[in-house]
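So for the sequence shown, our numbering puts the first residue at 3; every next one is plus one. The beta carbon of each residue, even a glycine, is placed where N, CA and C say it ideally should be. Notes for the one structure printed next.
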Amino acid sequence: MRFLTIIIFILYLIPNYGQEANKAGTTAAQFLKIGVGAASLGMAGTSAGLVNDASSMYWNPAGLIGVNSISVIASYTDWFVDLKHQYFGIVLPINEDHKIGVGAMILTMGEMEITTEQQPKGTGDFFDASDVMVGLTYSARLVDFFTFGISVKYITQNIYNETASALAVDIGTNLITGYKGIKVGMALTNFGTTMTLAGRDLQKSYDPLPNNATNVGIASNLKTEAWELPLNFRVGIGWDFIGKGDVMIYDPIHSIKIGIDANHQNDGPENASIGIEYKWQNLIALRSGYYFNDDVRKLAVGFGLNWDVPQSFAVGVDYAFAELDRLGSVHSISLKVGF
Numbered sequence: 003m004r005f006l007t008i009i010i011f012i013l014y015l016i017p018n019y020g021q022e023a024n025k026a027g028t029t030a031a032q033f034l035k036i037g038v039g040a041a042s043l044g045m046a047g048t049s050a051g052l053v054n055d056a057s058s059m060y061w062n063p064a065g066l067i068g069v070n071s072i073s074v075i076a077s078y079t080d081w082f083v084d085l086k087h088q089y090f091g092i093v094l095p096i097n098e099d100h101k102i103g104v105g106a107m108i109l110t111m112g113e114m115e116i117t118t119e120q121q122p123k124g125t126g127d128f129f130d131a132s133d134v135m136v137g138l139t140y141s142a143r144l145v146d147f148f149t150f151g152i153s154v155k156y157i158t159q160n161i162y163n164e165t166a167s168a169l170a171v172d173i174g175t176n177l178i179t180g181y182k183g184i185k186v187g188m189a190l191t192n193f194g195t196t197m198t199l200a201g202r203d204l205q206k207s208y209d210p211l212p213n214n215a216t217n218v219g220i221a222s223n224l225k226t227e228a229w230e231l232p233l234n235f236r237v238g239i240g241w242d243f244i245g246k247g248d249v250m251i252y253d254p255i256h257s258i259k260i261g262i263d264a265n266h267q268n269d270g271p272e273n274a275s276i277g278i279e280y281k282w283q284n285l286i287a288l289r290s291g292y293y294f295n296d297d298v299r300k301l302a303v304g305f306g307l308n309w310d311v312p313q314s315f316a317v318g319v320d321y322a323f324a325e326l327d328r329l330g331s332v333h334s335i336s337l338k339v340g341f
């Protein structure tokens with residue numbers, strides 16, 4: 003009964019989100035909020051209680067315990083305004099109860115021409131910008147029904163000659179209720195230090211007495227403000243509704259999974275999402291999801307193809323599509339390989 007109460011509670015929260023003021027633009031490293039893995043993105047990111055592959059290093063590190071063999075993921079998202087988002091990860095199981103993984107996220111963009119007050123149309127010189135995150139994840143099964151995971155991440159942002167960096171951790175848990183395929187996941191992500199830009203363009207010569215012709219300027223550094231990381235607390239329910247094993251309805255051919263996630267973030271109002279996945283023979287997957295109280299994202303759809311050779315290898319290709327209102331459409335594709 004308590005598990006049904008949790009479901010009702012989260013469903014109750016969804017229409018009541020948005021009571022806080024929007025704090026958009028008050029944190030750094032916004033690329034950390036771009037989701038990973040087309041399978042999860044096709045379900046509107048409902049992964050806290052569902053994810054059990056290499057992409058769990060992003061969504062909920064506790065889900066890494068579900069990876070039972072060496073697994074690799076490569077994810078690519080064609081973001082708006084020529085932004086390219088990529089993620090690479092590898093999972094190395096130590097044993098059944100302990101797993102480790104390494105992941106890297108990269109956001110790149112095309113070159114932009116430098117403009118100045120004197121040359122507002124461009125100087126003929128160009129600069130670029132990029133964001134990088136590298137993380138190490140560890141997940142453990144503490145008891146049969148409870149798993150724990152933690153990620154340690156190094157984050158950098160670069161623009162022209164300036165760089166900012168930070169350290170952060172993600173902490174996640176998964177509770178397997180044992181009741182009709184229901185799992186509850188929670189994750190706190192991007193808890194860490196602040197980011198402050200520094201670089202040679204902030205080094206200036208300061209002359210405290212400009213009217214004194216014999217005075218020599220003093221080397222100085224302009225100080226930039228420190229910005230927090232986009233801290234997020236995610237709680238979600240994953241429900242294996244139809245399929246094999248611990249499910250509501252047993253079916254050896256068809257399977258249906260349902261996910262519900264709620265997010266509390268430090269730079270905007272709370273939001274939530276709901277997603278569903280249908281699989282046939284574990285070969286073909288169809289997915290859809292919807293975002294609630296999100297200014298940009300609403301509907302997401304996707305599909306996946308899987309090829310599993312027993313005791314050899316498994317390959318999965320997933321695709322997701324989302325419309326970001328006036329920002330246009332976003333396409334994501336990911337490749338998963340297990341050995």
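- DSSP lists T29 as the bridge partner or partners of E230.
- The beta carbon of V339 sits closer than 6 Å to the beta carbons of V74 and V317 from its chain, once the five residues preceding and following it are set aside; these are given in chain order.
- In chain order, G240, K259 and G261 place their CB closer than 7 Å to the CB of L52, counting only its own chain and leaving out the 5 sequence neighbours on each side.
- DSSP places W61 in the uninterrupted alpha helix (DSSP H) bounded by S58 to W61.
- Secondary structure at A287: strand, using DSSP grouped into helix, strand and coil.
- Leaving aside the five residues that flank Y162 on each side, the residues in its chain whose CB is nearer than 7 Å to its CB run, in chain order, F129 and D203.
- CA-CA distance, D248 to L199, rounds to 50 Å.
- Residue state for K259 is assigned as strand, using DSSP reduced to three classes.
- Annotation: the continuous alpha helix (DSSP H) that includes L43 extends over A40 to L43.
- Ranked by Cα distance from I286, the first of Y292, D297 and F305 is F305.
- Under the three-state reduction of DSSP, R299 is assigned to coil, being neither helix nor strand.
- Listed in chain order, the non-local C-beta contacts of L190 below 6 Å within the same chain comprise I173 and F235, local neighbours out to five positions each way being set aside.
- At a Cβ-Cβ threshold of 9 Å, N268 and L301 do not count as neighbours.
- DSSP places I67 within a helical segment (H, G or I) once states are collapsed to three.
- Annotation for S331: the continuous beta strand (DSSP E) segment containing it runs S331 to G340.
- Under DSSP, S73 takes part in a beta bridge, and its partners are V93 and G340.
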